[in-house]
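To start, the structure under review is shown below, and the notes come after it.
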Amino acid sequence: MDKKLNKKVMRAGVVTATATVLMLLSSPAFAVAHDDGDDPGSGLSVAQTLGLYVAIPIVAFAVIAGLVIVTDKSRK
209 MDKKLNKKVM
219 RAGVVTATAT
229 VLMLLSSPAF
239 AVAHDDGDDP
249 GSGLSVAQTL
259 GLYVAIPIVA
269 FAVIAGLVIV
279 TDKSRK
């Protein structure tokens with residue numbers, strides 16, 4: 209195998225392995241044990257979850273896109 213290709217393959221392997229380990233370490237399984245003073249609230253409903261993670265980003269995108277279109281100065 210070519211030396212440059214071998215180097216790229218090794219780099220890709222190291223990056224993939226590092227990312228995998230970091231994601232495993234930050235998994236929610238470590239959040240199961242509560243610390244002293246933790247006071248977790250009630251969970252979100254389906255409507256709240258969809259609003260928070262779907263509707264609000266779409267509305268924010270639409271507002272930003274609208275502002276860009278309205279303030280565009282390239283039109284004559």
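For any residue, its number in the numbering used here is found by taking its place in the sequence shown, counting from 1, and adding 208. Backbone N, C-alpha and C fix where the C-beta goes; we use that ideal spot for every residue, glycine too.
| Asked | Found |
| --- | --- |
| Cα-Cα separation, Thr257 to Val267 | 15 angstroms |
| Three-state class that DSSP yields for Lys281 in the structure shown | coil |
| Alpha carbon of Thr226 to alpha carbon of Lys281, nearest angstrom | 46 angstroms |
| Alpha-carbon spacing of Asn214 relative to Val229, whole angstroms | 23 angstroms |
| Simplified DSSP state of Gly251, which is helix, strand or coil | coil |
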